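Trainee:
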Amino acid sequence: MLQSSYRTGRAQDYGAFTNALGILSADKKSILPQNLLKVTGLGPSDIAVKGGVSRPQLYKKAIPLKISSKFIKRVVDIVMVTDLAFELFDGNQDETAAWLMSPNSLLFGDSPFEVCMRGDGEPLKKWLLERLDRKPIEL
Numbered sequence: 188m189l190q191s192s193y194r195t196g197r198a199q200d201y202g203a204f205t206n207a208l209g210i211l212s213a214d215k216k217s218i219l220p221q222n223l224l225k226v227t228g229l230g231p232s233d234i235a236v237k238g239g240v241s242r243p244q245l246y247k248k249a250i251p252l253k254i255s256s257k258f259i260k261r262v263v264d265i266v267m268v269t270d271l272a273f274e275l276f277d278g279n280q281d282e283t284a285a286w287l288m289s290p291n292s293l294l295f296g297d298s299p300f301e302v303c304m305r306g307d308g309e310p311l312k313k314w315l316l317e318r319l320d321r322k323p324i325e326l
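Heads up: the sequence shown begins at 188 in this note's numbering, then just goes up one per residue.
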């Protein structure tokens with residue numbers, strides 16, 4: 188279901204980050220690696236392997252979003268899907284974090300975290316928007 192209707196070649200606008208789980212800094216210009224580790228319950232080695240980032244990066248206080256990398260894009264996808272899931276779960280942070288890390292039959296047994304970390308967050312965002320009865324704005 189998630190894999191069928193994406194990659195139209197057009198950019199999508201999903202709105203501003205709300206940063207529901209605090210993965211980004213207050214100004215939303217940096218990733219806070221320690222918060223990402225806390226939300227996921229994973230260690231730096233696990234995140235490094237899944238995210239394709241060096242482990243020392245995850246010990247930094249913040250990683251600026253202005254750096255262009257697959258890891259940054261994938262974490263931004265995580266922030267976006269958790270923001271949407273947070274809305275779907277009526278503002279419950281615990282349910283949102285549990286959903287992020289739990290295997291999901293609609294994702295062929297993968298967790299939303301795994302889907303985002305392998306670079307497939309776009310169809311997941313669209314699916315969540317459909318569940319919220321919203322559409323992304325095509326640019």
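Ideal placement from N, C-alpha and C gives every residue a C-beta, glycine not left out.
Everything numeric in this text was worked out from a predicted model, so none of it was measured.
Report buried or exposed for Lys312, applying the criterion of at least 16 other Cβ atoms within 10 angstroms of its Cβ.
Mentor: For the purposes of this step, residue 312 is taken as residue 125 along the sequence shown, with counting starting at 1. Buried, because 16 or more other Cβ atoms sit within 10 Å of the Cβ of Lys312.
Trainee: CB-CB under 8 Å to Ala249, same chain, minus the five flanking residues each way: which ones, in chain order?
Mentor: In the sequence shown, counting from the first residue as 1, residue 249 sits at position 62. Excluding residues within five positions, the ones whose Cβ falls inside 8 Å are Ser212, Ser217, Ile218, Leu219 and Pro220.
Trainee: Can you check DSSP and say which residues form a bridge with Pro251?
Mentor: Counted from its first residue, the sequence shown places residue 251 at position 64. Per DSSP, Ser217.
Trainee: Once you ignore the five residues that flank Met304 on each side, which residues in its own chain have a CB closer than 6 Å to its CB?
Mentor: On the sequence shown, position 117 is the one that residue 304 refers to. The residues are Lys237, Gly238 and Arg261.
Trainee: Three-state secondary structure (DSSP) at Leu211?
Mentor: Working through the sequence shown from its first residue, we reach residue 211 at position 24. The answer is strand: DSSP assigns Leu211 an E or B state.
Trainee: What are the boundary residues of the alpha helix (DSSP H) that Asp277 is part of?
Mentor: Within the sequence shown, numbered from 1, the residue matching residue 277 stands at position 90. Premise fails: Asp277 is in no alpha helix (DSSP H) and is neither H nor E.
Trainee: Would you call Asp270 buried or exposed, if buried means 16 or more other Cβ atoms sit within 10 Å of its Cβ?
Mentor: Numbered from 1 along the sequence shown, position 83 holds the residue referred to as residue 270. The residue is buried, with at least 16 neighbouring Cβ atoms inside 10 Å.
Trainee: I think Gly230 touches Leu223, with their Cβ atoms under 8 Å apart; what is that distance to the nearest whole Å?
Mentor: Here residue 230 refers to the residue found at position 43 of the sequence shown. Here residue 223 refers to the residue found at position 36 of the sequence shown. 11 Å between Cβ atoms; not a contact.
Trainee: Tell me the residue span of the alpha helix (DSSP H) that contains Arg318.
Mentor: Against the sequence shown, residue 318 aligns to sequence position 131. Looking at the DSSP string, the run of the alpha helix (DSSP H) that includes Arg318 is Gly308 to Arg318.
Trainee: Would the beta-carbon of Pro290 fall within 8 Å of that of Asp281?
Mentor: Locating residue 290 in the sequence shown gives position 103, where the first residue counts as 1. Locating residue 281 in the sequence shown gives position 94, where the first residue counts as 1. Not in contact: Pro290 and Asp281 (Cβ atoms no closer than 8 Å).
Trainee: So, helix, strand or coil for Val240, using DSSP?
Mentor: Counting from one through the sequence shown, the residue named residue 240 turns up at place 53. Coil at Val240, not helix or strand.
Trainee: Quick one: Cα of Ile259 to Cα of Leu252, how far?
Mentor: Counting from one through the sequence shown, the residue named residue 259 turns up at place 72. Counting from one through the sequence shown, the residue named residue 252 turns up at place 65. Taking the straight line joining both Cα atoms gives about 6 Å.
Trainee: Tell me the DSSP secondary structure of Asn222 in three-state form.
Mentor: Here residue 222 refers to the residue found at position 35 of the sequence shown. Of the three classes helix, strand and coil, the one that applies to Asn222 here is helix, per DSSP.
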